[in-house]
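Undergrad:
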């Protein structure tokens, strides 16, 4: 849900008519954070990740690739954590569509767009008590998801499955998603629909987004069902949220509000300023029924 980084350094190997490539990129954050939540003392923040991105093509035209993230196990308020791999996923695509396997979005999350814009070093604007990220039931079993997706024109469809942790299949998580994006009279619009079921509980959702003239944007979201994986909902809950944004050159401003029918709610604001060269100044604030948090600092892409 945080930053998706593109390649900056490439190692290329050639074999006949086929090509394979591995690229390396990095991202770091430095700043300060705090709040009145449990453990929310004001302290310095630092975080760093290294990304390995892979891509290739077979002699008969099939594309394949993947990504692996190298992160550390310590919290953002400490240094010298042990390295660990995360977000491992690989894919193959062709005229039949695309198949991805690993720690990737299920079809529910794939189809739906979050209401949040911008970023903060601890994502305060999007982690308050009213936040929901359309992650659905992803990661509640073995966190190894297979997703098939196919696009025709402006429409995309996907089907995914995440197996029971022991592979027995009794609680496999199935999901289906549908999304559309297009231009309506100069306004870029996107709509997503998704449903996910694990045999015991399920979740359904819808999202809508529009980029308006003058740099304004709006996003709406609704979800119903088992919202416990978010940490703020219940097993039989409803959530609704709205986000607005404004972009002018290097400046981005965002605000959002979300609430659960079971009681939790919250709001957040974020400011980003692109300094160029891969550096972004950012500040975020979130407040809700479980407390508030804030952060400010720099995000550095390499």
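Residue numbers (my numbering): 419 to 720. Ideal Cβ positions, reconstructed from N, Cα and C, are used throughout, including at glycine.
#1: What residue range is occupied by the uninterrupted beta strand (DSSP E) comprising residue 593?
#2: Could you pull out every residue in the same chain whose Cβ sits closer than 8 Å to the Cβ of residue 708, ignoring the five residues on either side in sequence?
#3: If I measure Cβ to Cβ from residue 480 and keep anything under 8 Å in the same chain, skipping five residues before and after, which residues do I get?
#4: How about the segment 648-664 and the segment 565-580: do they share at least three Cβ pairs that are nearer than 8 Å?
#5: Quick one: using the 10 Å Cβ neighbour count with 16 as the cut-off for buried, is residue 535 buried or exposed?
#6: Using 8 Å as the threshold, is the C-beta distance between residue 686 and residue 543 below it?
#7: Give the secondary structure of residue 444 by DSSP, where H, G and I count as helix, E and B as strand, and everything else as coil.
#8: Which first and last residues belong to the alpha helix (DSSP H) in which residue 525 is found?
#9: Express the C-alpha separation of residue 647 and residue 558 in angstroms, rounding to a whole number.
#10: Nearest to residue 471 by CA position, among 465, 458, 505, is which residue?
#11: Buried or exposed, going by whether 16 or more other CB atoms sit within 10 Å of the CB of residue 670?
#12: On a Cα-Cα basis, can you pick out the residue from 611, 590, 603, 628 that is closest to residue 618?
TA: In brief:
#1: The sequence position of residue 593 within the chain shown is 175, counting from 1. It spans 591-602 - the beta strand (DSSP E) in which residue 593 sits, taken as one unbroken run.
#2: Position 290 of the chain shown, counted from the start, is the residue given in the question as residue 708. 455, 546, 547, 650, 682, 684, listed in sequence order.
#3: Position 62 of the chain shown, counting from 1, holds the residue named residue 480. Answer for residue 480: 510, 511, 512, listed in chain order.
#4: No: fewer than three Cβ pairs fall under 8 Å.
#5: Taking the chain shown and counting its residues from 1, the one referred to as residue 535 is at position 117. The residue is buried, with at least 16 neighbouring Cβ atoms inside 10 Å.
#6: Numbered from 1 along the chain shown, position 268 holds the residue referred to as residue 686. Numbered from 1 along the chain shown, position 125 holds the residue referred to as residue 543. Residue 686 is a Cβ neighbour of residue 543, given a cutoff of 8 Å.
#7: Taking the first residue of the chain shown as position 1, residue 444 is located at position 26. The answer is strand: DSSP assigns residue 444 an E or B state.
#8: To locate residue 525, count along the chain shown from 1; it is residue 107. It spans 525-529 - the alpha helix (DSSP H) in which residue 525 sits, taken as one unbroken run.
#9: Looking up residue 558 in the chain shown gives position 140. Looking up residue 647 in the chain shown gives position 229. If I take the Cα positions, the gap works out to 8 Å.
#10: The residue labelled residue 471 in the question sits at position 53 within the chain shown. Here the closest residue by C-alpha is 505.
#11: Mapped onto the chain shown, residue 670 falls at position 252. Residue 670 is buried by the Cβ-count criterion.
#12: As a working mapping, residue 618 is identified with position 200 in the chain shown. Here the closest residue by C-alpha is 590.
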